[in-house]
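Heads up: the sequence lines are chains B and G, in that order.
Per this note's numbering, the first sequence runs over residues 1 to 265.
Per this note's numbering, the second sequence runs over residues 266 to 572.
The beta-carbon is built from N, C-alpha and C at its ideal position, and this holds for glycine as well.
Take a look at the structure set out below.
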Amino acid sequence: MTTLARQQQALLAALLEWPSERAVQNLSDFAYGVGAHAERGFKVYQANGHMLAERALRAAYPVLEQMLSKESFVELARAYWHAYPPVRGDISVWGAQLTDFVCQSAQLSHEAYLPDVAKAEWALHLCACAPDRETDIASLSLLTTEDPQILGLALAPGLVTIASDWPLASLMLAHLEYSPSFEEVARQLRNPTPQVVVIWRSGFQPRLRLAMAGEVNLLGALQTGIALEPALEAAAQLDFSHWLPMAVQTGLVLGANYLPIPHGP
Amino acid sequence: MAPVPLPQGACFTAMTMQIGIGWRHRHYEQLMEERPKLDFLEVHSENFFAQGGAALAVLERGRSRYPISLHGVGLSLGSAAGLDLWHLEQLANLVDRVDPVRVSDHASFGRGVIRNSLVHAADLLPIPFAVGALEVLCSNVHRVQERLKRRFMVENISAYLQWKTSPEQTLCEPAFLNTLAQRTGCALLVDVNNIYVNALNAQLGGQCDDPLTACKDWLDQIGSENVSELHLAGHCRVNDSYGEIVIDDHGSRVCPQVWELYRYAINRFGPMPTLIEWDTDVPTLDILIDEAARARAIAEQVLTVRS
Numbered sequence: 001m002t003t004l005a006r007q008q009q010a011l012l013a014a015l016l017e018w019p020s021e022r023a024v025q026n027l028s029d030f031a032y033g034v035g036a037h038a039e040r041g042f043k044v045y046q047a048n049g050h051m052l053a054e055r056a057l058r059a060a061y062p063v064l065e066q067m068l069s070k071e072s073f074v075e076l077a078r079a080y081w082h083a084y085p086p087v088r089g090d091i092s093v094w095g096a097q098l099t100d101f102v103c104q105s106a107q108l109s110h111e112a113y114l115p116d117v118a119k120a121e122w123a124l125h126l127c128a129c130a131p132d133r134e135t136d137i138a139s140l141s142l143l144t145t146e147d148p149q150i151l152g153l154a155l156a157p158g159l160v161t162i163a164s165d166w167p168l169a170s171l172m173l174a175h176l177e178y179s180p181s182f183e184e185v186a187r188q189l190r191n192p193t194p195q196v197v198v199i200w201r202s203g204f205q206p207r208l209r210l211a212m213a214g215e216v217n218l219l220g221a222l223q224t225g226i227a228l229e230p231a232l233e234a235a236a237q238l239d240f241s242h243w244l245p246m247a248v249q250t251g252l253v254l255g256a257n258y259l260p261i262p263h264g265p
Numbered sequence: 266m267a268p269v270p271l272p273q274g275a276c277f278t279a280m281t282m283q284i285g286i287g288w289r290h291r292h293y294e295q296l297m298e299e300r301p302k303l304d305f306l307e308v309h310s311e312n313f314f315a316q317g318g319a320a321l322a323v324l325e326r327g328r329s330r331y332p333i334s335l336h337g338v339g340l341s342l343g344s345a346a347g348l349d350l351w352h353l354e355q356l357a358n359l360v361d362r363v364d365p366v367r368v369s370d371h372a373s374f375g376r377g378v379i380r381n382s383l384v385h386a387a388d389l390l391p392i393p394f395a396v397g398a399l400e401v402l403c404s405n406v407h408r409v410q411e412r413l414k415r416r417f418m419v420e421n422i423s424a425y426l427q428w429k430t431s432p433e434q435t436l437c438e439p440a441f442l443n444t445l446a447q448r449t450g451c452a453l454l455v456d457v458n459n460i461y462v463n464a465l466n467a468q469l470g471g472q473c474d475d476p477l478t479a480c481k482d483w484l485d486q487i488g489s490e491n492v493s494e495l496h497l498a499g500h501c502r503v504n505d506s507y508g509e510i511v512i513d514d515h516g517s518r519v520c521p522q523v524w525e526l527y528r529y530a531i532n533r534f535g536p537m538p539t540l541i542e543w544d545t546d547v548p549t550l551d552i553l554i555d556e557a558a559r560a561r562a563i564a565e566q567v568l569t570v571r572s
């Protein structure tokens, strides 16, 4: 290992390992802080890291922040920063493992729905920066003229569905859109019923709602690239004539398209 | 050191000065509506690495009205662990999409290995001004320029930590940066506030009697042919239980001493694109525009006298 690599390893360890006393002691063999006292400069970097952790997680997990107290969220951000430090120079991609971290946290175990909330929030975060897709409403006329065996539906960027044992849609929407009320969510939590949420991007706006009966099957089938007809067969509970106009209006369906003709062996 | 002589017949005026501001989230809409007179906008490259979404659309709108300068904070050019090729690819994609006037990052590192895993501290951590670090920095800058197929700019940082290095293996910061520019052909982005912050902290540590003079000496040692942009920003002084320190927080107006150093830098380097940076507690747009106007007025005055 080169001298430079050893120096850099010492500083990174002092900043990211926790508890950090040994690593900070080791760093003093390589460097000293500037300012009035030798340790002062190091504290600037340490504080920068902790502040950045809070800011980055607050941006990606606003509902989780509301659900925890401010102190708990700050503590969570710091603990996560040290347990799963960033690996990229783009801080917006840091935070993917927070679901696992919350799952493993003994302090948060009494709120068993928190991992699902974190999972939904990360999906919303990814959805916001998913590659754009063109909307082609006119192409939907193909649905009236062509065989649904050869057609697919173009779906919104960032589309995912998440199944939860908890009233996840209610929990999320109460915090994001203030409906349902917190009283209603509390009532649902007393006798929790599983909910599935649909997450997608409408224009530039990430959206989340409760999935309709059969919708998850339809969306899952369409995402695998199969034709509309077999996809609808997999979603017998879904009223397609009711669902399609709503899905188009909310940007979930962007158009219809011909599927590639499969080549023979 | 005296100002670098102008080429014969050269007469630099405000027409050749480019003044820009950091374009941050708070002003995305307002700036597009008001379209103030600015010569370029600077954005942080990493904020636009996504392949789609609102931020990228905003940047493309901005690009249709102003030249864009891409300024990175995460490339980790001084990392002994090498560049993150994922990061470089994201930057290359963004450069292709935006066609910026300038692309830059810092003479720092954030990436390295601990516990056998690659990590990134997401900060501009200092590198020693030593021969080994220079080799690494040159190699990484070469690689960036080859991938981007353009001249890259490297900025001096504010450092809150100094490495213990052997004197015979260590250069002064300007010599280190000059050598980097000479070996790689990259340009230097001189952050005037960073020089001053470092000098103030050296003063606190008893290593510097006169920060302004030390900064002017620093500027005198930088080869003017290497410089392509200047940065101006505010800083703050913190005095808490850990002691006193000056922090480059980009959270206030440029202080009088940094304006004085800016005058000195323009007199020495000539008409340089100049950026007003403000990243913490971002103020109203009119304050940023006012700072930009002040930079323009100072540069114009210096260049008029100089010519």
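Quiz prompt | Where the alpha helix (DSSP H) containing G:Tyr529 begins and where it ends | solution = Run containing G:Tyr529: Pro521 to Phe534, per the alpha helix (DSSP H) assignment.
Practice problem: With 9 angstroms as the C-beta to C-beta threshold (strictly closer), list the residues of the region 496-516 of chain G near chain B in chain order. | Solution: Identification of residues in the region 496-516 of chain G having a C-beta nearer than 9 angstroms to some C-beta of chain B yields Val503, Asn504, Asp505, Tyr507, Gly508, Glu509, Ile510, Val511 and Ile512, given in sequence order.
Quiz prompt | Below-8 angstroms beta-carbon distance, G:Pro393 vs any chain B residue | solution = Closer than 8 angstroms: yes.
Self-check item: Sheet register partners of B:Asn257 (DSSP bridge)
Solution: Among the bridge pairs identified by DSSP, B:Asn257 is matched with B:Gly152.
Practice problem: Could you confirm whether any beta carbon from chain B is found closer than 8 angstroms to the beta carbon of G:Leu426? | Solution: G:Leu426 belongs to the set of residues whose beta carbon lies under 8 angstroms from a beta carbon in chain B.
Quiz item: The alpha helix (DSSP H) with G:Asn358 in it runs from where to where?
Solution: Leu350 to Val363 is the extent of the alpha helix (DSSP H) around G:Asn358.
Practice problem: Return the first residue and the last residue of the alpha helix (DSSP H) that G:Arg289 is part of. | Solution: Premise fails: G:Arg289 is in no alpha helix (DSSP H) and is neither H nor E.
Quiz item: Could one say the Cβ of G:Phe314 lies closer than 8 angstroms to chain B's Cβ atoms, at least one of them?
Solution: For G:Phe314, at least one C-beta of chain B is nearer than 8 angstroms to its own C-beta.
Practice problem: Please list the partners that B:Ala73 has in chain G, where partner means a Cβ-to-Cβ separation under 9 angstroms. | Solution: According to the sequence shown, residue 73 of chain B is Phe rather than Ala. For B:Phe73, there are no neighbours in chain G by C-beta distance under 9 angstroms, as the nearest C-beta there is about 19 angstroms away.
Quiz item: When burial is assigned at 16 or more other CB atoms within 10 Å of the CB, is G:Gly471 buried or exposed?
Solution: G:Gly471 comes out exposed.
Practice problem: Just tell me which of B:Leu173, B:Glu146 and B:Leu98 has its CA closest to the CA of B:Leu228. | Solution: Minimum Cα distance to B:Leu228 is reached at B:Glu146.
Practice problem: Specify the secondary structure class of B:His263 as computed by DSSP and reduced to three states. | Solution: If DSSP states are grouped into helix, strand and coil, B:His263 belongs with coil.
Self-check item: Buried/exposed call for G:Pro521, threshold 16 Cβ in 10 Å
Solution: When all chains shown are included, G:Pro521 counts as exposed.
Quiz item: Which of the three DSSP states, helix, strand or coil, is assigned to B:Arg266?
Solution: In the structure as shown, chain B starts at 1 and stops at 265, and residue 266 of chain B therefore has no counterpart that could be examined.
Quiz item: Nearest-angstrom Cα distance between G:Cys451 and B:Pro85?
Solution: So the two alpha carbons sit approximately 31 angstroms from each other.
Quiz item: Considering only residues of the same chain and omitting the five flanking positions on each side of G:Leu526, which have a CB-CB separation below 8 angstroms?
Solution: If you ignore the 5 residues before and after G:Leu526, its C-beta comes within less than 8 angstroms of the C-beta of Val457, Ile460, Tyr461, Leu477, Cys480, Lys481 and Leu484, all in its own chain and listed in chain order.
Quiz item: Roughly how far, in whole angstroms, is the beta-carbon of G:Arg367 from the beta-carbon of G:Glu490, given that I think they are within contact range, below 8 angstroms?
Solution: No, G:Arg367 and G:Glu490 are not in contact; Cβ-Cβ is about 16 angstroms, not under 8 angstroms.
Exercise. Could you spell out the range, first to last residue, of the alpha helix (DSSP H) harbouring G:Ala345?
Key: First-last for G:Ala345: undefined, no H or E at that position.
Exercise. Could you name each continuous alpha helix (DSSP H) segment of 4 residues or more that falls completely within the region 374-416 of chain G, going from the start of the chain to the end?
Key: Fully enclosed alpha helix (DSSP H) runs of 4 or longer: 396-413.
Quiz prompt | B:Leu168 versus G:Glu298 - alpha carbon distance | solution = Rounded to whole angstroms, the separation of the alpha carbons of G:Glu298 and B:Leu168 is 39 angstroms.
Quiz item: How would you label B:Phe182, buried or exposed, when you count the other beta carbons within 10 angstroms and need 16 or more for buried?
Solution: By the 10 Å Cβ count, B:Phe182 comes out exposed.
Quiz item: Would G:Val570 be called buried (16 or more neighbouring beta carbons within 10 Å of its own) or exposed?
Solution: G:Val570 is exposed by the Cβ-count criterion.
Quiz item: Helix, strand or coil for G:Val366 per DSSP?
Solution: In the structure shown, G:Val366 sits in coil (DSSP, three-state: anything other than H, G, I, E or B).
Exercise. Can you grab the Cα-Cα spacing for the pair B:Val197 / B:Gln149, in whole Å?
Key: Rounded to the nearest angstrom, the gap between the Cα atoms of B:Val197 and B:Gln149 is 28 angstroms.
Quiz item: For the region 349-377 of chain G, which residues have a beta carbon sitting closer than 8 angstroms to at least one beta carbon of chain B?
Solution: Those would be Asp349, Trp351, His352, Gln355, Phe374, Gly375, Arg376 and Gly377, in chain order.
Practice problem: Determine the DSSP secondary structure at G:Pro538, reduced to helix, strand or coil. | Solution: Per DSSP, reduced to three states, the secondary structure at G:Pro538 is coil, with no helix or strand assignment.
Practice problem: Below 9 angstroms between beta carbons is the criterion; list the residues of the region 78-94 of chain B that meet it against any residue of chain G, in chain order. | Solution: Correct list: Pro85, Pro86, Val87, Arg88, Gly89, Asp90, Ile91, Ser92, Val93 and Trp94.
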